[in-house]
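Some notes on the structure that comes next.
There are 2 protein chains.
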Amino acid sequence: MNIGEAASASGVSAKMIRYYESIGLIRPAQRTGSNYRVYGGAEVHLLRFVKRARTLGFSVDETAALLGLWQDKGRASGEVKAIAVNHIAALEAKIADLEGMVRTLKHLAHCCGGDDRPDCPILDELAGEARATKGH
Amino acid sequence: MNIGEAASASGVSAKMIRYYESIGLIRPAQRTGSNYRVYGGAEVHLLRFVKRARTLGFSVDETAALLGLWQDKGRASGEVKAIAVNHIAALEAKIADLEGMVRTLKHLAHCCGGDDRPDCPILDELAGEARATKGH
DNA sequence: ATAGACCTTCCCATGGTGGTAAGGTCAACG
DNA sequence: CGTTGACCTTACCACCATGGGAAGGTCTAT
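Chains A and B are the protein sequences, given in the same order.
Mapping to this note's numbering: the first sequence position 77 is 98, numbers consecutive.
Mapping to this note's numbering: the second sequence position 62 is 83, numbers consecutive.
Here it is, written out as C-alpha cells:
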C-alpha cells in the first residue's frame, strides 16, 4: 500500500503521515526499492487510532502517550483514564471561555440596533465607553 | 509614554504592540529623537479597544474591521452587528465541536475502570475495537 | 514511448505569542 | 562625570498542526 492509499484508508493526509513520522509519533515506514513508503493493515490501524485521538482533541503529545499505552499490553487503565480526564477538564475550560465570549457578544448584539444609524453599543463597549443599555 | 507604559496601561504586551504595528493593525507610533516609540492617551485607548476585541475572540482581521468601523463616524451599526453575529455563530460552532468531544470522552471515561487492570475501553474505542459497554 | 498519476524531499506560510541576543538610551546615584 | 540597571530598538527562532508548491523520480496504461 502506498502512502496515498494509506491516507485515504486512515483519514490522515499523506502530508500528515510524513509529518507524524518526522516527529517520531509513528515509526518510519518501510520503503520499496524506489524509496516509496509502504503500509499494511497494522499501520493503517495505527493511523486510524491517531486520527481518532486527534479528532477528540488530544494534542500530538497526548496522542503519543495514548499510543504508548495502547501498545503496552500491561498498562493500567488508570493511566489512560487520567489522560482522558485531564483532557476533559481542559476542554471544559475552553468551552466555558468561549461561552463567556458568546454571552457578552449576544448581550451586545441584542443591544445594538443593527440598522443604518451609526449608534453602536458594540463599538462603545469595545472602546470602554459603556453607556446605559436602556434598562434591558 | 514609552511602549512599556503603554503596554501596562492597555494590557497589550510591548511585543504585541510592535507586532500589531508591523502587520498594520495599528498605525506606526511616533518616535522620539532616539527612536523610542511614543504613546498618548488616544493610542492607549485604541490599544484597549484591540485588547477587548481579542479577548472576545475576534481574530486580528475582524479586529481590524471593527477598528475601521469604530473610527468611521458615519458607519452603520448593522455592519458591526453583522461581524458580531457572524462571530457568535463561529464561536457556537466551536463550542458544539468541543462539547461533542467532551460527551464522547466522558462516556469512555465512565466506562473505563481507571484501575490497575489493563482493560481499557478508551483505548479500545480509539483503536476502533468497540466492545459492548455493559449496557450503560 | 509517452502521458499522467503518483511518489520523494525541501522550503514557505499560516496565527498569535513568547523568547532571546546584540546593541542603543536614559535616569539615578555616587 | 561615570557606572549601573532598567528600559528601548531590531532581528531572528520557536511553538502547533496543517496546507501549498516546486523540482525531480517512478509507475502504469495506452
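Every residue, glycine too, gets a C-beta built ideally from N, C-alpha and C.
Every value quoted in this text rests on a predicted model; they were computed, and no experiment measured them.
For K94 (chain A), there is no enclosing alpha helix (DSSP H), as DSSP gives it neither H nor E. Residues of chain B whose Cβ lies closer than 7 Å to the Cβ of S55 (chain A) do not exist, since the nearest Cβ in that chain is about 31 Å away.
Apart from sequence neighbours up to five positions away, the residues of its chain that approach A35 (chain B) with a beta-carbon distance below 7 Å are I24, G25, A28, ordered along the chain. G78 (chain B) sits buried, since 16 or more C-beta atoms from the chains shown fall within 10 Å of its C-beta.
For a cut-off of 8 Å, the C-beta gap from D136 (chain A) to A63 (chain B) is around 28 Å, too long to register as a contact. For V59 (chain A), the secondary structure class from DSSP, reduced to helix, strand or coil, is strand. Neighbours of R69 (chain A) across chain B, judged by C-beta separation under 7 Å: G149. Nearest to R58 (chain B) by alpha-carbon distance, out of B:L147, B:G95, B:E42, B:I104, is B:E42. Of all residues in the stretch 92-118 of chain B, only K94, G95, R96, A97, S98, G99, V101, K102, A105, V106, H108, I109, L112, E113, K115, I116 place a beta-carbon less than 7 Å from a beta-carbon of chain A. A straight-line Cα-Cα distance of about 19 Å links D118 (chain A) and S80 (chain A).
Against chain A, a Cβ distance below 7 Å from D82 (chain B) picks out nothing, because the smallest value is about 15 Å. For chain A, the residues of the stretch 119-147 of chain B that bring a beta carbon within less than 7 Å of one of its beta carbons are L119, E120, M122, V123, T125, L126, K127, L129, A130, C133, G134, G135, D136, D137, R138, P139, D140, C141, I143, L144, L147, in chain order. DSSP links R52 (chain A) through a beta bridge to A:R58. Exposed is the label assigned to S55 (chain B), since fewer than 16 other Cβ atoms lie within 10 Å of its Cβ. The count of Cβ pairs closer than 8 Å, one atom from the stretch 102-109 of chain A and one from the stretch 119-129 of chain A, stays below three, leaving the stretches out of contact.
Taking a C-beta distance under 8 Å as the contact criterion, A130 (chain B) and I143 (chain B) qualify as a contact pair. Note on the stretch 60-145 of chain B: whole alpha helix (DSSP H) runs with a minimum of 4 residues are 62-76, 81-92, 98-132, in chain order. The Cβ of L90 (chain A) sits closer than 8 Å to at least one Cβ of chain B.
With fewer than 16 neighbouring CB atoms inside 10 Å of its own CB, T53 (chain A) falls in the exposed class. Listed in chain order, the non-local C-beta contacts of L68 (chain B) below 7 Å within the same chain comprise A27, S31, V33, I38, local neighbours out to five positions each way being set aside.
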